[in-house]
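The block underneath contains the structure these notes are about, expressed in structure tokens.
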Amino acid sequence: MFEGLDSKELQRRENEIFFKAMERKWTLDAAGVSPSDDKLFCLWKWQLSEIEAAKANASS
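Heads up, the sequence shown is in our numbering, so the first residue is 2 and it goes up one at a time.
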């Protein structure tokens with residue numbers, strides 16, 4: 002999904018997804034909903050791990 006992107010673009014996307022995920026987490030916490038029950042939050046968490054893997058592969 003994130004293969005072939007340069008490190009600058011990977012960092013930009015990571016920052017964007019991180020802020021969206023944290024904003025969603027705070028909203029869910031305020032509503033009393035566990036973030037692990039929210040599919041969108043889980044998708045963003047998965048994307049963050051995919052970006053980390055792509056960054057590790059790019060630096061190898």
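Beta carbons: idealized from backbone N, C-alpha and C, even for Gly. If you're wondering where the values come from, they're calculated on a predicted model, not measured in any experiment.
Q | Between the CA atoms of residue 23 and residue 52 - distance to the nearest angstrom | A | Within the sequence shown, residue 52 is the residue found at index 51, counting from 1. Within the sequence shown, residue 23 is the residue found at index 22, counting from 1. So the alpha carbons of these two residues sit roughly 16 Å apart.
Q.
Can you find the residues in the same chain that come closer than 8 Å, C-beta to C-beta, to residue 18, ignoring five residues on each side of it along the sequence?
A. Counting from one through the sequence shown, the residue named residue 18 turns up at place 17. Around residue 18: 45, 48, 49, 52.
Q) By DSSP, does residue 6 sit in helix, in strand, or in coil? A) The residue you call residue 6 lines up with position 5 of the sequence shown. Residue state, collapsed to three classes: coil.
Q) How many Å lie between residue 5 and residue 16 at the Cα? A) Stepping through the sequence shown from its first residue, residue 5 is reached at position 4. Stepping through the sequence shown from its first residue, residue 16 is reached at position 15. Between residue 5 and residue 16, the C-alpha separation is close to 18 Å.
**Q.** Own chain, CB closer than 8 Å to residue 25, minus 5 neighbours either side, in chain order
**A.** Position 24 of the sequence shown holds residue 25. Excluding positions up to five away in sequence, the list reads 36, 39, 41, 42, 45.
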